[in-house]
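Visitor: So the sequences go chain by chain: A and B.
Residues in the first sequence are numbered from 1 upward in steps of one, following this note's numbering.
Residues in the second sequence are numbered from 1001 upward in steps of one, following this note's numbering.
Note that beta-carbon positions come from the ideal geometry of N, C-alpha and C, so glycine has one too.
Number of protein chains: 2
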Amino acid sequence: MKKFYISKSKRLRSTPFTSRIESQGVTAYTTYNHMLLPASFGNLEKEYFHLKEHVQVWDVAAERQVQVTGKDSSKLVQLMTCRNLSKAKVGRCYYAPIIDEQGVMLNDPVVLKLDECKWWLSLADSDIGLYAKGIASGLGLQVEITEPDVNILAIQGPKSFKLMEKILGKKITELKFFGFDYYNFKGNKFLIARSGWSKQGGYEVYVENRKAGQSLYDELFLAGKEFQVEPGCPNLIERIESALLSAGNDFDNGDNPYECGFDKYIDIESDIKYLGKKALIKISKKEINRKLMGILIDTDKIEVTEEISLYNSNSVVGDLRSATYSPNLKKVVGIAMIKKEYWDKKTPIELKIGDKKSKGTLCDLPIV
Amino acid sequence: MKKFYISKSKRLRSTPFTSRIESQGVTAYTTYNHMLLPASFGNLEKEYFHLKEHVQVWDVAAERQVQVTGKDSSKLVQLMTCRNLSKAKVGRCYYAPIIDEQGVMLNDPVVLKLDECKWWLSLADSDIGLYAKGIASGLGLQVEITEPDVNILAIQGPKSFKLMEKILGKKITELKFFGFDYYNFKGNKFLIARSGWSKQGGYEVYVENRKAGQSLYDELFLAGKEFQVEPGCPNLIERIESALLSAGNDFDNGDNPYECGFDKYIDIESDIKYLGKKALIKISKKEINRKLMGILIDTDKIEVTEEISLYNSNSVVGDLRSATYSPNLKKVVGIAMIKKEYWDKKTPIELKIGDKKSKGTLCDLPIV
């Protein structure tokens, strides 16, 4: 595939760590929430194996926060998601589909409850802050909605625990999955969650002080030498195998949360109020006729820049939305939206990649 | 400056013209409304001189449309902008700052009134569709908000008039600036506006049928040979000289429309209702203490990826937000937010670009 440069500008915001990752060898960017998100350090497969064995530090500042504060903050956050947050606890993270009144997906942030009247929505790539502002203005809610200067560093991989313990002490190892707390490093307080966009374990540091964050960044590489630490970024192979869905790739506002497999994050039973609840009740009654599934394809190369139709003979089975070659499975792994009549996984799949025809089989998610 | 690749994915959407511009030699992309926007065909200065003398065809599909239809559509569109649209006419385009309740800039679309209950907001880079959905849900408005599959082709440059006349006939030359109408090409109807993101004259074709649009694209190059037609894209030099402001670069949600020089698009006198009106009235009473101005810098190279502070001795004069070398003026031209005490343009300006110190002078906008 031909490669193209990214044209930088202020509009595609840099992060506090951009100059560091550029000296460390980043080769490609994507953009995410109007910000640069590193996409490669030159060798996706090498980075994949490294992530699964060692530890990486990721500049994921592009996971921007919508901060909602004020008397009506809980009400507003709940209005945007079908997940029941009425019993949400301070110090916990909640994966929460954001939908609109038609019941389709707008985003899938991790929601952090910082205190009774302060929430962060750690976003996938869309301006949910504008959705929040619109609702708040329309309803006259007493809230303040901002994008604070919070820049996330992710520390991911099996050795992330040892590295973070070395820097922050034993206490950080006691943090439970999707819990967060505050930790001190060189006199600065950091909100750290046990989370991250890989299934290899690790943490996300919500950096609120740029200078302190840069100092922590440098320390992670100094202290991390013995753990073979490397700079990295969300890895396409690992995230597809692990079925960490990507908003805008695997689903968008043409899909509802049931089709995305988010059933456990949907509450249509209780009396919580959110936009799109009526639509979801309606959808749940007639049931869905397509859903996201995994796919294994017998080929060694693919680049998905738009939906690729999947066939069985001449019938359309569904469409492929993300895919990449897995050096682990020696096949292309992908995520596809599949019609109900093919969910049994027995149907042989055909698709055309460029001029080449390939065969595949469906599977459950996660793939590995 | 080191260059980086863009990592393509379905999330950074291709356009109906992507394969064409890639065969024609596009070298760099930016992203805009979650879509690829060509940023260079390899030689910014050559493209600048060509645009000012001949005609270019631009793939600006990334200028996405928010379509608002329904009984309350006019009400909703007015709620989002400080420009008085109460007398807006079908067939006319309106440049309209979108603000929030705090009176700060969210976007600066061209608004098209298609009929009494159908509007398009031809967007700069932010998800105003989500803002519209939030307001509509909050107020219970009877509207439908969608992003139709409309992909704009811009035909820009002094010879655009001759080229369009050759393809579409005499009638297209009668279209007035910021007017739009429907024109036929090979049996397909195209909405065409006399507009575009350059000051060199031209049209924007709102392509609603992909195949027909691709056929028109090819015809523009066939028929355009005698006019030296070339593929192109919004040109950084031309747009800065002409003071075509770029949302996210020259202003963002830290700025209000007065500071951006949008006074003539602000109505605080009449009884129209929009979000942020109270805030703008308050701002207008105390007056602004900074505004966007032009700047000429005595150097031949710059890349602005974040605000660059401007000084006079040790005092901060303002910050530079966009800039590039102009082969026309033999200086760097830029757009900067400048404090009131320096508006007289007499202050010598200093700034640091990388390690190098440069001098500059302020000027009015547009620069040329």
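Say whether chain A places a C-beta atom closer than 9 Å to the C-beta of R1020/B.
Guide: Chain A, which has no Cβ nearer than 9 Å to the Cβ of R1020/B, makes this no.
Visitor: Inspect the CB distances between the region 1210 to 1225 of chain B and the region 1333 to 1350 of chain B and report whether three or more fall short of 8 Å.
Guide: These segments do not touch.
Visitor: Let me check understanding here. Comparing Cα to Cα, which of E53/A, L153/A and I335/A lies closest to K1010/B?
Guide: Nearest C-alpha to K1010/B: I335/A.
Visitor: Can you check whether the C-beta of V1317/B is within less than 9 Å of a C-beta belonging to chain A?
Guide: No, its Cβ sits nowhere closer than 9 Å to a Cβ of chain A.
Visitor: In three-state DSSP terms, what is S1195/B?
Guide: Three-state result, S1195/B: coil.
Visitor: Smallest Cα separation from F1190/B: which of M1164/B, K1286/B and K1052/B?
Guide: When only C-alpha atoms are compared, the closest one is M1164/B.
Visitor: Quick test of the definition: if touching needs 3 or more C-beta pairs under 8 Å, does the region 228 to 239 of chain A touch the region 187 to 207 of chain A?
Guide: Verdict: yes, contact present.
Visitor: Can you pull the chain B residues whose beta carbon is under 8 Å from the beta carbon of A28/A, in chain order?
Guide: F1004, Y1005, I1006 and S1007, listed in chain order.
Visitor: Please name the residue, chosen from H1054/B, N1084/B and V1077/B, that lies closest to K1264/B on a Cα-to-Cα basis.
Guide: Residue N1084/B is the option with its Cα nearest to K1264/B.
Visitor: Report back the beta-carbon spacing between Y1274/B and T1081/B to the nearest angstrom; my notes put them in contact at under 8 Å.
Guide: Right, the Cβ-Cβ distance comes to about 6 Å (below 8 Å), so this counts as a contact.
Visitor: Please list the partners that A132/A has in chain B, where partner means a Cβ-to-Cβ separation under 8 Å.
Guide: By Cβ distance, chain B contributes G1134.
Visitor: Compare the C-beta of V66/A against all C-beta atoms of chain B and say whether one is closer than 9 Å.
Guide: Not an interface residue.
Visitor: Specify the secondary structure class of A124/A as computed by DSSP and reduced to three states.
Guide: Coil, per DSSP.
Visitor: When Cβ atoms are compared, which residues of the region 1243 to 1271 of chain B fall closer than 9 Å to chain A?
Guide: Answer set for the region 1243 to 1271 of chain B: S1246, A1247, G1248, N1249, D1250, D1252 and N1253.
Visitor: For T1305/B, would you say it is in contact with chain A, using Cβ-to-Cβ distances shorter than 9 Å as the test?
Guide: It does: the Cβ of T1305/B has a partner Cβ on chain A nearer than 9 Å.
Visitor: Strictly below 9 Å CB to CB, what residues from chain A border A1096/B?
Guide: Those do not exist, as A1096/B stays about 16 Å from chain A at its closest Cβ, beyond 9 Å.
Visitor: Please decide whether K75/A counts as near chain B, where near means a Cβ-Cβ distance under 9 Å.
Guide: Taking Cβ atoms only, chain B never reaches closer than 9 Å to K75/A, which makes this a no.
Visitor: Alpha carbons only, please: which of E147/A, N188/A, V205/A and I152/A is nearest the one belonging to L175/A?
Guide: Among E147/A, N188/A, V205/A and I152/A, the Cα nearest to that of L175/A is on V205/A.
Visitor: So does the region 61 to 68 of chain A actually touch the region 125 to 138 of chain A, counting three or more Cβ pairs closer than 8 Å?
Guide: Segments in contact, yes.
Visitor: So if DSSP puts Q67/A in a beta bridge, which residue, or which two residues, is it bridged to?
Guide: Q67/A is bridged to W120/A and T146/A.
Visitor: Looking at the unbroken alpha helix (DSSP H) that takes in I283/A, where does it start and where does it end?
Guide: First-last of the alpha helix (DSSP H) with I283/A: K277 to K286.
Visitor: Can you grab the Cα-Cα spacing for the pair I1297/B / V1333/B, in whole Å?
Guide: C-alpha separation (whole angstroms): 6 Å.
Visitor: In chain order, what residues of the region 271 to 286 of chain A put their CB closer than 8 Å to some CB of chain B?
Guide: Flagged, chain order: L275.
Visitor: Does the beta-carbon of G42/A have 16 or more other beta-carbons within 10 angstroms, so that it is buried, or is it exposed?
Guide: By the 10 Å Cβ count, G42/A comes out exposed.
Visitor: Does DSSP classify M1035/B as helix, strand or coil?
Guide: Reduced to three states, the DSSP call for M1035/B is strand.
Visitor: Just the chain B side, please: which residues come within less than 9 Å of G294/A by C-beta, in chain order?
Guide: Within chain B, no residue comes near G294/A; the closest Cβ sits about 16 Å away, beyond 9 Å.
Visitor: Measuring alpha carbon to alpha carbon, tell me which of D181/A, V150/A and V229/A ends up nearest L114/A.
Guide: Residue D181/A is the option with its Cα nearest to L114/A.
Visitor: Could you list the residues in the region 1081 to 1111 of chain B with a C-beta less than 7 Å from some C-beta on chain A, going in chain order?
Guide: Cβ contacts with chain A come from D1100, E1101 and L1106.
Visitor: State whether the region 101 to 116 of chain A contacts the region 1147 to 1166 of chain B, with contact taken as three or more CB pairs (one from each stretch) at a distance under 8 Å.
Guide: Verdict: no, contact absent.
Visitor: So which residues on chain B does D127/A lean against when the C-beta distance must stay under 7 Å?
Guide: S1126, D1127 and L1130, listed in chain order.
Visitor: How long is the line joining the alpha carbons of G354/A and P1327/B, rounded to whole angstroms?
Guide: G354/A and P1327/B: Cα-Cα distance of roughly 41 Å.
Visitor: Check whether the Cβ atoms of Y1029/B and A1039/B sit closer than 9 Å, and answer yes or no.
Guide: Yes. Within cutoff.
Visitor: For V1150/B, tell me which candidate among W1120/B, F1177/B and G1179/B has the shortest Cα-Cα distance.
Guide: With distances taken between Cα atoms, V1150/B lies closest to W1120/B.
Visitor: Determine the chain A residues that contact H1054/B at a beta-carbon separation under 9 Å, and present them in chain order.
Guide: Going along chain A, no residue has its Cβ under 9 Å from H1054/B, so there is no contact; the nearest lies around 23 Å.
Visitor: Taking a Cβ distance cut-off of 9 Å, strictly less, list which residues of the region 138 to 156 of chain A are near chain B, in chain order.
Guide: Within the region 138 to 156 of chain A, the residues whose Cβ lies closer than 9 Å to some Cβ of chain B are G138, L139, G140, L141, I145 and E147, listed in chain order.
Visitor: Could you tell me if T1015/B is buried or exposed, where buried requires 16 or more neighbouring beta carbons within 10 angstroms of its beta carbon?
Guide: Result: buried.
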